[in-house]
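*Asks:* Pasting a structure here, questions to come.
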Amino acid sequence: MTRPTADSLSVLDRPNSYIGKTVPRPNLDRLLQGRGQYVSDLELPRMAHVVFLRSPHAHARIVAIDATAAKRLPGVISVVTGRELEAVITPWVGVLSHLKGLKSAPQRAIAVEQVCWQGEAVAAIVATSRAVAEDAMEHIAVDYEELEAVTDMRTALDPSTPVIHASLGDNLAFERAYHAGDVDRTFAESDAVIESEFVFGRHTGVTLEPRAVVADWNAAEARLTIYQGTQAPHMVQNIAALHLGLKESQVRVVCKDVGGSFGIKVHIYADEMATYALSKLLRRPIKFVADRVESFNTDIHARDHRCKGRIGVKQDGTITAFEIDDLTGIGPYSMYPRTSAIEANQVVNLVGGPYVAQNYRARARVVFQNKNVMCQYRAVGHPIACSVTEGLVDLAAARIGMDPVEIRRRNLIADDGYPCASPSGMKFEQLSHHASLAKLLQMMDYDALRAEQTALRLRGIHRGIGIASFIEVTNPSAAFYGVGGAKISSQDGVAVRLDAQGSVICQTSITEQGQGSESLTAQIVGSVLGVSMERVRVTLGDTDNTPYGGGTWASRGAGIGGEAALQAAKALRKNILDVAAAILQSTPAELDIAGNSIVSASDATPRIELNELARIVYFRPDTLPPGIQPELMATRHFVPRQYPFAFTNGVQASWLEIDTETGFIKLLKHWVVEDCGTIINPQLVDEQIRGGVVQGLGAALFEKCIYDERGQLTNANMADYLVPMSGEMPDIEVGHVVSPTQETELGAKGAGEAGTAGAAAAVANAVNDVLRPFGAIITEIPLTPQVILTALGRI
Amino acid sequence: MIAPIPVSLLVNGEPIEALVAPRLNLADFLRETLKLTGTHVGCEHGVCGACTVRVDGEIVRSCLLLAVQAQGSSVETIEGLSDSGEIADLQAAFRARNALQCGYCTPGMLITAQDLLRQSPTPDRAAIREHLSGNYCRCTGYQAIVDAVEATAKTRAEQAA
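This is how it looks when you write it as structure tokens:
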């Protein structure tokens with residue numbers, strides 16, 4: 001029997017490949033036995049704890065701070081104000097040059113003179129324990145002069161509204177206008193133009209482990225080690241060094257287990273910067289762990305948008321144009337370093353994206369307000385763009401009396417219509433909207449479900465079906481941040497080496513917060529090398545011990561870090577085969593690696609085990625032919641260059657029931673079909689989708705940071721801010737269409753945000769499917785019982 | 001009343017004598033005094049379930065119990081339940097089904113699930129969802145967890161038959 005030569009096989013079809021297989025993630029037992037190493041668990045010698053005294057006012061001038069009494073308490077090491085910390089750490093401004101006109105004011109680690117949101121730190125208390133520090137906090141007297149708070153985004157730009165940062169001149173952070181085609185003429189020629197305003201609740205990530213950091217300045221080494229639950233260690237290294245006046249080589253960032261991130265832990269927070277600075281100032285390790293109330297008040301919020309949308313449609317179902325006017329309030333500062341204009345920018349980029357219509361006009365305005373900061377959170381902008389687009393499409397379908405599925409069939413970009421671009425200029429390599437929709441309808445048995453819905457309605461049971469197509473930005477190139485001047489790497493690197501016993505050590509710059517980065521790296525490396533996964537050990541989350549790279553965010557780990565792993569493993573494989581050929585007096589082409597052994601390429605006969613090859617290389621190189629210098633380590637990096645983003649697509653459906661007496665929604669079932677290209681581990685992809693969907697369902701039904709008119713967050717705890725729990729969540733069926741990206745050999749695109757992108761839109765459309773016979777329409781989330789009953793005219 | 005108070009209790013079967021501040025909650029006692037960091041702290045107000053442990057056989061939120069209230073009790077944490085092998089099959093099912101991502105809720109989730117399976121050997125999915133509804137997981141969307149608990153119940157029932 002002859003086999004194709006090893007080099008003609010891609011990693012996808014090599015014998016014993018792990019690609020496309022469900023295998024358990026390595027090292028899960030550590031987490032299952034409570035033996036993980038989260039930053040919250042970390043203790044170091046001489047470590048002190050910091051708590052932050054936070055402003056009770058949304059907007060105020062700091063007149064005086066008296067910490068005399070607090071400093072006298074036993075166990076208190078220091079009380080530090082913003083003014084004192086300024087000597088150690090410089091302020092920052094969260095802008096990017098490619099977001100033209102974006103402005104923000106200098107933000108400090110601890111407020112100086114002015115506080116701009118309820119929860120902004122005004123003093124740091126460092127003590128031998130958190131409890132002592134909290135006791136001392138009670139003894140600090142701060143004299144505030146309260147200022148008028150800017151809370152309503154709709155009036156933030158009014159001349160009568162106070163300007164939060166006088167130096168900026170007004171409260172407008174960013175504005176973008178865009179026009180493609182001829183929207184006015186197209187609307188005039190349409191059979192109907194439907195308009196609505198879509199309102200989104202401000203919500204937040206609620207990671208189960210709060211933000212946590214231990215900063216350890218070693219004065220003798222002149223080096224700062226930061227242990228932090230972060231998605232982007234090299235970004236943290238760069239920022240900490242920049243603002244502490246250090247070289248990057250003087251900062252090491254270590255990130256072991258992270259108790260949830262979802263974009264919450266990809267930013268630089270003032271209290272974390274303060275913790276780094278305090279460690280340098282006090283020359284000892286300092287630990288900061290946010291408590292839950294602090295998390296609600298200071299973890300970034302997201303999605304606080306009001307978006308007016310218009311859609312034109314012809315009687316035959318042709319969608320002619322989209323128009324949006326989006327307004328969002330981001331709090332008092334643009335976050336650092338990724339900025340708070342990205343979400344609105346994404347909304348402009350993504351609205352109408354799945355559809356053929358090329359007439360599109362958009363305006364987005366981003367305003368400052370005296371609330372907690374907003375920034376990128378899982379699926380940045382997508383849930384808004386998707387809810388507006390899909391809400392408008394359903395409104396259009398209802399107006400012309402067309403089934404929601406039929407209008408999508410008639411307008412989604414044809415599967416053979418690629419490559420192409422959206423009206424906002426987004427480039428699509430290959431999407432599969434129609435194949436995905438067809439698969440979804442089959443999975444949910446759409447026609448039977450419609451029949452069931454009709455039958456139940458006659459019995460007074462009100463159920464609805466909602467459909468939402470979506471596109472998702474993944475594998476971002478430098479177009480996202482690098483071009484704007486941010487030192488956030490869009491490339492990732494992987495180093496692979498064969499150890500002396502034939503096992504493999506792999507260092508990658510992507511990070512792990514539970515998505516399965518470690519697993520996908522081991523699967524790819526094991527497959528390419530022909531080594532079993534148990535022999536592959538993956539190191540991540542350490543700027544001293546991994547190649548330089550971006551980390552894990554924006555659905556980039558598998559597509560970018562995975563390709564780097566593939567290329568590194570290929571290079572190592574070649575190096576191993578070169579040595580093997582020398583040892584075996586053969587040629588590399590005649591050899592392959594399979595099952596941890598060098599084998600004959602022609603018939604897979606084992607020739608020499610990898611551990612024996614390694615033994616010779618490391619301990620008996622004298623027996624190798626002259627001139628042979630084995631290199632059993634290889635490093636490769638990868639960044640997408642051809643497409644700024646690898647867009648993915650998919651479609652979701654929700655099936656739910658509304659109790660029209662109580663306004664309660666019962667989610668009965670949810671379906672998703674998505675296309676993330678090559679699937680490395682089906683189980684991991686499915687669970688990313690499910691988790692993402694539930695995060696979107698929380699936004700759809702429960703989650704909202706409720707501020708009063710004075711800028712006070714009134715529900716900053718888990719009893720009042722509701723999150724999805726197991727009892728309310730449905731089972732979610734996931735299907736796939738596979739359109740690999742041709743830009744990489746691996747072909748993988750991202751999957752981490754697809755679930756969140758479309759879940760709320762599907763639910764909202766299903767709710768309106770229920771309400772339409774009642775003459776009611778809701779374009780607001782969360783869809784609380786109060787919102788439902790108000791729409792039904794019952795309250 | 002802030003003077004430390006002596007307590008004696010069993011933790012994972014090991015006798016513990018300690019002087020504790022009256023205000024110290026059991027979660028902090030386990031984590032900070034005994035260094036049993038498998039018990040996680042998520043909300044510190046009794047909602048998220050991350051700090052769930054077993055006290056005298058009943059599951060409790062260790063953030064809502066003072067350490068002094070555990071005087072004379074037998075406390076079991078994820079470390080103890082792992083070492084005894086009591087939940088080895090449940091842990092294996094979680095691993096096989098990828099019923100955890102970041103793993104921060106997992107110790108509390110496992111202890112709560114084991115509590116259900118001790119009370120009700122063959123719960124249906126709705127009963128599993130109901131029993132776990134006080135344990136917050138932001139990562140998984142719960143379905144994989146429900147699957148893993150259901151699979152464990154089934155296996156145990158088959159082995160008992």
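For the record, the sequence lines run as chains A and B.
Be aware that the first sequence starts at 1, since it is given in the UniProt record's numbering, and climbs by one per residue.
Be aware that the second sequence starts at 1, since it is given in the UniProt record's numbering, and climbs by one per residue.
We put the beta carbon where it would ideally sit given N, CA and C, even for glycine.
Compute the Euclidean distance between the alpha carbons of GLN629(A) and TYR336(A), then round it to the nearest angstrom.
*Replies:* The count along the first sequence starts at 1 and reaches residue 629(A) at position 629. The count along the first sequence starts at 1 and reaches residue 336(A) at position 336. Spanning the two alpha carbons is a distance of roughly 47 Å.
*Asks:* Looking only at C-alpha atoms, which of TYR360(A), VAL388(A), ARG338(A) and ALA385(A) sits nearest to GLN376(A)?
*Replies:* Position 376 of the first sequence, counted from the first residue, corresponds to residue 376(A). Distances from the alpha-carbon of GLN376(A) to those of TYR360(A), VAL388(A), ARG338(A) and ALA385(A) put ARG338(A) closest.
*Asks:* Pull up the distance between the alpha-carbon of GLU17(B) and that of VAL51(A), whole angstroms please.
*Replies:* Within the second sequence, residue 17(B) is the residue found at index 17, counting from 1. Within the first sequence, residue 51(A) is the residue found at index 51, counting from 1. In this model, GLU17(B) and VAL51(A) are separated by some 30 Å (Cα to Cα).
*Asks:* Can you tell me whether GLN101(B) is buried or exposed, with buried defined as 16 or more other CB within 10 angstroms of its CB?
*Replies:* Along the second sequence, read from residue 1 onward, the residue named residue 101(B) stands at position 101. Buried, by the Cβ-count rule.
*Asks:* Determine the contact status of ILE560(A) and PRO640(A), defining contact as a CB-CB distance below 8 Å.
*Replies:* The residue given as residue 560(A) occupies position 560 in the first sequence. The residue given as residue 640(A) occupies position 640 in the first sequence. In this structure, PRO640(A) lies closer than 8 Å to ILE560(A) by Cβ.
*Asks:* Taking only beta-carbon atoms, is GLN515(A) less than 8 Å away from chain B?
*Replies:* Within the first sequence, numbered from 1, the residue matching residue 515(A) stands at position 515. Yes, GLN515(A) lies at the interface with chain B (some Cβ there is under 8 Å from its Cβ).
*Asks:* Measuring straight from C-alpha to C-alpha, what distance separates ALA565(A) and SER10(A)?
*Replies:* As a working mapping, residue 565(A) is identified with position 565 in the first sequence. As a working mapping, residue 10(A) is identified with position 10 in the first sequence. Cα to Cα, the separation comes out at about 14 Å.
*Asks:* Give the C-beta separation of GLU79(B) and GLY36(A) to the nearest angstrom, bearing in mind that I take them to be a contact with Cβ-Cβ under 8 Å.
*Replies:* For this step, residue 79(B) is matched to residue 79 along the second sequence. For this step, residue 36(A) is matched to residue 36 along the first sequence. Not a contact, Cβ separation roughly 12 Å.
*Asks:* With respect to the beta strand (DSSP E) encompassing PRO15(B), which residues constitute its N-terminal and C-terminal limits?
*Replies:* Along the second sequence, one-based indexing puts residue 15(B) at 15. Its beta strand (DSSP E) spans residues 14 to 20.
*Asks:* Check distances from the C-beta atoms of the region 119 to 140 of chain B to those of chain A and list, in chain order, the residues that come in under 9 Å.
*Replies:* ARG125, ALA126, ILE128, ARG129, GLU130, HIS131, LEU132, SER133, GLY134, ASN135, TYR136, CYS137, ARG138, CYS139 and THR140
*Asks:* Using CA coordinates, which residue listed in GLY42(B), ILE59(B), HIS45(B) and THR77(B) is at the minimum distance from LEU34(B)?
*Replies:* Reading the second sequence from its first residue, position 34 is the one you call residue 34(B). Among GLY42(B), ILE59(B), HIS45(B) and THR77(B), the Cα nearest to that of LEU34(B) belongs to THR77(B).
*Asks:* Taking only beta-carbon positions, decide if GLY775(A) is within less than 8 Å of chain B.
*Replies:* Start at 1 with the first residue of the first sequence, and residue 775(A) comes out as number 775. It does not: the Cβ of GLY775(A) has no partner Cβ on chain B nearer than 8 Å.
*Asks:* Which of the three DSSP states, helix, strand or coil, is assigned to CYS506(A)?
*Replies:* Taking the first sequence and counting its residues from 1, the one referred to as residue 506(A) is at position 506. Correct three-state label for CYS506(A): strand.
*Asks:* Let me confirm a value: residue 796(A) is counted as buried when at least 16 other C-beta atoms fall within 10 Å, else exposed. Which label applies?
*Replies:* Residue 796(A) is absent from the model: chain A starts at 1 and stops at 795.
*Asks:* From GLY691(A), ILE781(A) and MET729(A), pick the residue whose C-alpha is nearest to that of GLY755(A); which is it?
*Replies:* Residue mapping note: residue 755(A) aligns to position 755 of the first sequence, counting from 1. The shortest Cα separation from GLY755(A) among GLY691(A), ILE781(A) and MET729(A) belongs to GLY691(A).
*Asks:* If you follow the alpha helix (DSSP H) that ASP592(A) is in, where does it begin and where does it stop?
*Replies:* For the purposes of this step, residue 592(A) is taken as the residue at position 592 of the first sequence. Where ASP592(A) is concerned, there is no enclosing alpha helix (DSSP H), although the beta strand (DSSP E) it sits in stretches over 591 to 594.
*Asks:* For SER387(A), count the other beta carbons within 10 Å of its own beta carbon; 16 or more makes it buried, fewer makes it exposed. Which is it?
*Replies:* Mapped onto the first sequence, residue 387(A) falls at position 387. When all chains shown are included, SER387(A) counts as buried.
*Asks:* What residues in the region 716 to 730 of chain A have a beta carbon less than 9 Å from any beta carbon of chain B?
*Replies:* ASN717, MET718, ALA719, VAL723, PRO724, MET725, SER726, GLY727, GLU728, MET729 and PRO730
*Asks:* Between which two residues does the beta strand (DSSP E) holding GLU146(A) run?
*Replies:* On the first sequence, position 146 is the one that residue 146(A) refers to. Boundaries of the beta strand (DSSP E) harbouring GLU146(A): 141 to 146, taken from the DSSP string.
*Asks:* Let's see if you can read the secondary structure: which residues bound the beta strand (DSSP E) around ASP622(A)?
*Replies:* As a first step, residue 622(A) is located in the first sequence; it is residue number 622 there, counting from the start. Element bounds for ASP622(A): n/a, residue is neither H nor E.
*Asks:* Which residue marks the beginning of the beta strand (DSSP E) containing CYS307(A), and which one marks its end?
*Replies:* Along the first sequence, one-based indexing puts residue 307(A) at 307. Element bounds for CYS307(A): 305 to 313.
*Asks:* Name the DSSP bridge partner or partners of ASN359(A)?
*Replies:* Here residue 359(A) refers to the residue found at position 359 when the first sequence is read from its first residue. ALA321(A).
*Asks:* Check GLU674(A) in the structure and name its three-state DSSP category.
*Replies:* Stepping through the first sequence from its first residue, residue 674(A) is reached at position 674. In the three-state reduction of the DSSP assignment, GLU674(A) falls in the strand class, which pools E and B.
*Asks:* Helix or strand or just coil, what does DSSP make of GLN585(A)?
*Replies:* The count along the first sequence starts at 1 and reaches residue 585(A) at position 585. Three-state result, GLN585(A): coil.
*Asks:* Using 8 Å as the Cβ pair cut-off and three pairs as the minimum, do the region 196 to 213 of chain A and the region 699 to 708 of chain A touch?
*Replies:* They touch, by the three-pair rule.
*Asks:* Entirely within the region 680 to 731 of chain A and at least 4 residues each: give me those alpha helix (DSSP H) ranges in chain order.
*Replies:* 682 to 701
*Asks:* Can you pull out the residues from the region 508 to 535 of chain A whose beta carbon lies closer than 7 Å to at least one beta carbon of chain B?
*Replies:* Taken in chain order, the members of the region 508 to 535 of chain A whose beta-carbon sits within less than 7 Å of a beta-carbon on chain B are GLN513, GLY514 and GLN515.
*Asks:* Say whether chain A places a C-beta atom closer than 8 Å to the C-beta of PRO4(B).
*Replies:* Reading the second sequence from its first residue, position 4 is the one you call residue 4(B). PRO4(B) does not count as touching chain A.
*Asks:* Considering only their Cβ atoms, is the gap separating LEU102(A) from ALA173(A) smaller than 8 Å?
*Replies:* Along the first sequence, one-based indexing puts residue 173(A) at 173. Along the first sequence, one-based indexing puts residue 102(A) at 102. Result yes, Cβ atoms of ALA173(A) and LEU102(A) sit closer than 8 Å.
*Asks:* Would GLY72(B) be called buried (16 or more neighbouring beta carbons within 10 Å of its own) or exposed?
*Replies:* Residue 72(B) sits at position 72 when you count from the first residue of the second sequence. Under this definition GLY72(B) is an exposed residue.
*Asks:* Can you tell me which of the three DSSP states LYS666(A) falls into?
*Replies:* For this step, residue 666(A) is matched to residue 666 along the first sequence. Correct three-state label for LYS666(A): strand.
*Asks:* How do the region 262 to 275 of chain A and the region 377 to 386 of chain A stand: do at least 3 beta-carbon pairs fall below 8 Å, yes or no?
*Replies:* In the pairwise beta carbon analysis, the region 262 to 275 of chain A is classified as touching the region 377 to 386 of chain A: at least three pairs are separated by under 8 Å.
*Asks:* Beta strand (DSSP E) containing ALA606(A): first to last residue?
*Replies:* By one-based count along the first sequence, residue 606(A) stands at place 606. Residue identity differs from the one stated: residue 606(A) is Pro in this sequence, not Ala. That run of the beta strand (DSSP E) goes 606 to 609.
*Asks:* Determine, using beta carbons only, whether SER62(B) and CYS51(B) come nearer to each other than 8 Å.
*Replies:* Translated into the one-based positions of the second sequence, residue 62(B) becomes position 62. Translated into the one-based positions of the second sequence, residue 51(B) becomes position 51. Yes.
*Asks:* Measuring only the C-alpha atoms, how far is GLN91(B) from TYR18(A)?
*Replies:* In the second sequence, residue 91(B) corresponds to position 91, counting from 1. In the first sequence, residue 18(A) corresponds to position 18, counting from 1. Between the alpha carbons of GLN91(B) and TYR18(A) lies a gap of roughly 23 Å.
*Asks:* Residues of the region 96 to 107 of chain B in Cβ contact with chain A at a cutoff of 7 Å, in chain order, please.
*Replies:* ALA96, ASN98, LEU100, GLN101, CYS102, GLY103, TYR104, CYS105, THR106 and PRO107
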